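J.: If you scroll down you'll find the structure; I have some questions about it.
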Amino acid sequence: MNDDIEKVLYSREEIHQVAQKLGEKITTDYADKDPLVVCILKGASLFMSDIVREINTYCEIDFMSVSSYGDAQVSSGAVKIIKDLDVSVENRNVLIVEDIIDTGRTLQTLVDLFDHRHAQSVKICTLLDKKERRVEGVQPDYIGFDVPNEFVVGYGLDYMGHYRNLPYVGVLKPEVYSN
Ligand code: PRP
Ligand code: MN
Ligand code: MG
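Here's what the structure looks like:
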């Protein structure tokens, strides 16, 4: 599996440090706001567990599973809800945790949905921001790294369901996905 990786972009240690930094900021910003921290499965699962452990104030966590890519490399444009939240977002301060913003379609859909459901506020925390590929106007509030337009996997990010368990974010070798 590691042989399929061309280079490591962000190591486990760098990700841990960035999660600490973002967690500190989130703790300050959300003191007394009792945020509902929403993990977007499956990609955000690893980063979510880092981030919530750095939030040093009351919060709730919940999980939502959406998919726009399936096994495709290019987004279909349609975001499908596979598992909805258990907790209501009404009048809640929602903090969405994502692994990556690419076109922004997934997050734009979720922000619109939570607004429609009368959340008090909706903010976004993402490990990676791939700005170059943005189609929607959605803006993350907390960003781990600005990532170049490369095929990245690991730390929750997959290619055909694999590589999520890599403890770092790396660039996939082109020969892995080009044949
Ligand atoms: C990936 C990624 C983000 C989304 C970003 O999820 O985890 O959720 O795509 O792309 P966008 O900004 O173009 O919408 P995916 O749909 O692959 O599901 P997964 O998290 O289960 O892998
Ligand atoms: Mn995802
Ligand atoms: Mg995926």
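Positions 5 to 183 (this note's numbering) are the ones given, in order, by the sequence shown. Cβ atoms here follow ideal geometry from the backbone N, Cα and C, with glycine treated the same way. Since the model is a prediction, treat every value here as computed from it, not as a measurement.
1) Do you know how far the Cα of residue 147 is from the Cα of residue 129?
2) Buried or exposed: residue 102, going by 16 or more other Cβ atoms within 10 Å of its Cβ?
3) Run the proximity test for residue 110: is its beta-carbon closer than 7 angstroms to any non-hydrogen atom belonging to the ligand PRP?
4) Alpha carbon to alpha carbon, how far is residue 39 from residue 182?
5) May I have the straight-line CA-CA distance separating residue 91 from residue 179, to the nearest angstrom?
6) Nearest CA to the CA of residue 132: which residue from 71, 173, 124?
7) Does DSSP classify residue 45 as helix, strand or coil?
8) Should residue 85 be labelled buried (16 or more other beta-carbon atoms within 10 Å of its own) or exposed?
9) Alpha carbons only, please: which of 114, 61, 170 is nearest the one belonging to residue 71?
10) Taking the beta carbon of residue 47 as the centre, do at least 16 other beta carbons fall within 10 Å, making it buried, or is it exposed?
11) Have a look at residue 137 and residue 60 and give me their C-alpha separation to the nearest angstrom.
12) Return yes when the C-beta of residue 86 is under 7 angstroms from any heavy atom of the ligand MN, and no when it is not.
13) If you draw a straight line from the alpha carbon of residue 142 to that of residue 112, how long is it in whole angstroms?
14) Could you give the distance in angstroms between the alpha-carbon of residue 96 and the alpha-carbon of residue 120?
15) Would you kindly report the start and end of the unbroken alpha helix (DSSP H) that includes residue 31?
T.: Concretely, from the data shown:
1) The residue given as residue 129 occupies position 125 in the sequence shown. The residue given as residue 147 occupies position 143 in the sequence shown. Answer to the nearest angstrom: the Cα atoms are 6 angstroms apart.
2) Residue numbering aside, residue 102 sits at position 98 when the sequence shown is read from its first letter. Its Cβ being crowded by 16 or more others within 10 Å, residue 102 is buried.
3) The residue labelled residue 110 in the question sits at position 106 within the sequence shown. Yes, since a heavy atom of the ligand PRP falls inside the 7 angstroms radius drawn around the Cβ of residue 110.
4) Within the sequence shown, numbered from 1, the residue matching residue 39 stands at position 35. Within the sequence shown, numbered from 1, the residue matching residue 182 stands at position 178. Whole-angstrom Cα-Cα distance: 42 angstroms.
5) The residue given as residue 91 occupies position 87 in the sequence shown. The residue given as residue 179 occupies position 175 in the sequence shown. Residue 91 and residue 179: Cα-Cα distance of roughly 43 angstroms.
6) The residue given as residue 132 occupies position 128 in the sequence shown. Closest option to residue 132, judged by alpha-carbon separation, among 71, 173, 124: 173.
7) Within the sequence shown, the letter at position 41 stands for residue 45. Residue state, collapsed to three classes: strand.
8) Here residue 85 refers to the residue found at position 81 when the sequence shown is read from its first residue. Counting Cβ neighbours within 10 Å, residue 85 comes out exposed, since fewer than 16 surround it.
9) Within the sequence shown, numbered from 1, the residue matching residue 71 stands at position 67. When each option's Cα is compared against that of residue 71, the closest is 114.
10) By 1-based counting over the sequence shown, the position of residue 47 is 43. Buried is the label assigned to residue 47, since at least 16 other Cβ atoms lie within 10 Å of its Cβ.
11) Position 133 of the sequence shown, counted from the start, is the residue given in the question as residue 137. Position 56 of the sequence shown, counted from the start, is the residue given in the question as residue 60. Rounded to the nearest angstrom, the two C-alpha atoms are 33 angstroms apart.
12) Counting from 1 along the sequence shown, the entry for residue 86 is found at position 82. For the ligand MN, not one heavy atom lies less than 7 angstroms from the Cβ of residue 86.
13) By 1-based counting over the sequence shown, the position of residue 142 is 138. By 1-based counting over the sequence shown, the position of residue 112 is 108. Rounded to the nearest angstrom, the two C-alpha atoms are 6 angstroms apart.
14) For the purposes of this step, residue 96 is identified with residue 92 of the sequence shown, where counting begins at 1. For the purposes of this step, residue 120 is identified with residue 116 of the sequence shown, where counting begins at 1. Answer to the nearest angstrom: the Cα atoms are 13 angstroms apart.
15) One-based indexing of the sequence shown puts residue 31 at position 27. Its alpha helix (DSSP H) spans residues 16 to 33.
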